[in-house]
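Take a look at the structure set out below.
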Amino acid sequence: MEMGKIAAVQQDSEAARLGIQPGDFIDKFSIDNSLSESTAANDPFDDPVDAPELLRQLAEEDGRVRLTVRRSSAGSNGRQSTDEIDVPLRKVTWLSDIVGENDPLDAPALGIAYRVLNRVAEVRPDSPAALAGLQSRDMITKAEFILPKDAKRGSKASPQLELAWVLIQRNAIRERSGRPERFR
């Protein structure tokens, strides 16, 4: 999936103090430890859905993150400007609300919420997504998670999801992935 624009910035957060605004885009995360040597193939921030948890873990270590922020408004030259901003992460001591359909994803360690686009950014070779036939730039139109056969509906225990059907749109044609794929 791809990260979309920042939808909200919490008042009095470091992100707000440093001038990050709704409408801006985060093009890149960089961190000052062993993960900072990552390449595109193993970038820990390549999935925007995982970013809030990674940031929370870094905040536990009093971490900082450098953001490459693309501004929503154009400069005097008619182009969007890009800024490198070092943001100290705050420790997260609360649970965020469950994300509903079309809600932005909360990254409380940064004090922002951002959109996650339904466009596939990249498919790793031999991954469950590749085995299911997904390709870069596919649009996910629907995902149906399939619970294990022994899962009890309505129970408080969270079952380990193992299979999913994914409906995609490619070249204006909607189709279903060939078969459910194991993604764990």
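Under this note's numbering, the sequence shown has 143 at position 143, and the numbering climbs by one with no breaks.
Note that CB positions come from ideal geometry on N, CA and C, so glycine has one too.
query, result
"Measure the C-alpha to C-alpha separation of residue 142 and residue 47 and round it to an integer number of angstroms.", "18 Å"
"Enumerate in chain order the residues of its own chain whose CB-to-CB distance from residue 27 is below 6 Å, with the five nearest sequence positions on each side excluded.", "68 and 70"
"Out of 129, 136 and 116, which one is the CA nearest neighbour of residue 104?", "116"
"With 16 as the cutoff for other CB atoms within 10 Å, does residue 24 come out buried or exposed?", "buried"
"So within the segment 80-107, which uninterrupted beta strand (DSSP E) runs reach at least 3 residues, ignoring any that extend past its ends?", "80-88 and 105-107"
"In the DSSP assignment, find the unbroken beta strand (DSSP E) run with residue 74 in it and report its ends.", "64-74"
"How would you call residue 52, buried or exposed, if buried means at least 16 neighbouring beta carbons within 10 angstroms?", "buried"
"Find the nearest neighbour of residue 56 within the set 111, 16, 100 and 92, judged by alpha-carbon distance.", "92"
"Could you pull the DSSP bridge partners for residue 26 from this structure?", "69"
"Between the Cα of residue 20 and the Cα atoms of 119, 89, 83 and 130, which residue gives the shortest distance?", "83"
"Does residue 14 come out as helix, strand or coil in the three-state DSSP assignment?", "helix"
"Go ahead and label residue 125 buried or exposed: buried means 16 or more other beta carbons lie within 10 angstroms of its beta carbon, across all protein chains shown.", "exposed"
"For residue 121 versus residue 114, is the C-beta spacing smaller than 8 Å?", "no"
"Between the Cα of residue 7 and the Cα atoms of 50, 74 and 110, which residue gives the shortest distance?", "110"
"Tell me the DSSP secondary structure of residue 119 in three-state form.", "strand"
"Go ahead and label residue 86 buried or exposed: buried means 16 or more other beta carbons lie within 10 angstroms of its beta carbon, across all protein chains shown.", "exposed"
"Taking the alpha-carbon of residue 139 as reference, which of 49, 119 and 30 has the nearest alpha-carbon?", "119"
"I need the DSSP call for residue 51, collapsed to helix, strand or coil.", "helix"
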